[in-house]
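Undergrad: Handing you a structure now.
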Amino acid sequence: MKVENVFDIYQNSSLGALLLNEFVISYERINKDKQSPRIERVLPVLPILFTKDIVTSAKGRSNNIKGFYNVLEDNKLLFDIIPLKTRSMFDKTMFSLLICIKANLLDIDFSSNIISSNIDSPKQKFSPPSIEIGDLVRTARKLGGWFSNLSDVEFLMYLNLDI
């Protein structure tokens, strides 16, 4: 099975910035404790979103955690390579994060490694220029909701991450 990486097709760090921003906003909105995500929870977001089969599988799935479990079950092999993709896309993820910070969309607290949305930035309605980008944005929002209420152990276990 060939794994397509949409990031390689678009080569657009601003798309990554948009997706990270949507993820963080959704994470904060849905999290039970209204907390912002730690950087460890943000790093695998783009590698997951830029795997076409995962985005396709997430379409039509529930926004609650059961939807994540279904996507995980349908894509076990793809989730096995997320740690490798997270390492290989680290520079691209950090560059997209830098764009968010420079655009005043997100803030990073380096002492606690927390990434938070900048509530001072105005929320504008987003009309995606294509169906594919719309799917990516919707999946980023779903991931934010799904990741927001996972414990650290669940998060690391489901994504096969070592920290």
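For the sequence shown, position 110 (counting from the first letter as 1) is numbered 110 according to full-length UniProt numbering, and the numbering increases by one without interruption.
Every residue, glycine too, gets a C-beta built ideally from N, C-alpha and C.
Spatial neighbours of L159 within its chain, please: C-beta separation below 6 Å, excluding the five flanking residues on both sides.
TA: Result list for L159: P44 and I82, in chain order.
Undergrad: Given a threshold of 16 other Cβ atoms within 10 Å of its Cβ, counted over all protein chains shown, does S26 qualify as buried or as exposed?
TA: Looking at its Cβ environment, which holds 16 or more other Cβ atoms inside 10 Å, S26 is buried.
Undergrad: Can you list, in chain order, the residues of its chain whose CB lies under 8 Å from that of S14, leaving out five sequence neighbours each side?
TA: Cβ within range, chain order: S96 and I99.
Undergrad: Could you tell me whether the segment 61-79 touches the segment 132-150, using the rule of 3 or more Cβ pairs below 8 Å?
TA: Yes: at least three Cβ pairs fall under 8 Å.
Undergrad: DSSP state of R41, grouped into three classes?
TA: Looking at R41 - three-state DSSP - the assignment turns out to be helix.
Undergrad: Out of L143, M157, L161 and D109, which has the shortest C-alpha to C-alpha gap to N64?
TA: Out of L143, M157, L161 and D109, L143 has the C-alpha closest to the C-alpha of N64.
Undergrad: Using CA atoms only, rank isn't needed, just tell me which of K125, L78, N31 and G60 is closest to I54.
TA: Selected option, being the one with the closest Cα: L78.
Undergrad: Candidates P37, N12 and L49: which alpha carbon is nearest V137's?
TA: Of P37, N12 and L49, the residue nearest in Cα terms is L49.
Undergrad: At 3 residues or longer, what runs of the beta strand (DSSP E) sit wholly inside the segment 64-147?
TA: Taking only runs of at least 3 residues, the beta strand (DSSP E) segments lying wholly in the segment 64-147 are 106-109 and 114-117.
Undergrad: Looking only at its chain, what residues have a beta carbon closer than 6 Å to the beta carbon of D135, apart from the 5 residues adjacent to it on each side?
TA: Cβ within range, chain order: V55.
Undergrad: Check each candidate in S62, R87, I115 and L18 and name the one with the smallest Cα separation from V42.
TA: Checking every option, the nearest Cα to that of V42 belongs to I115.
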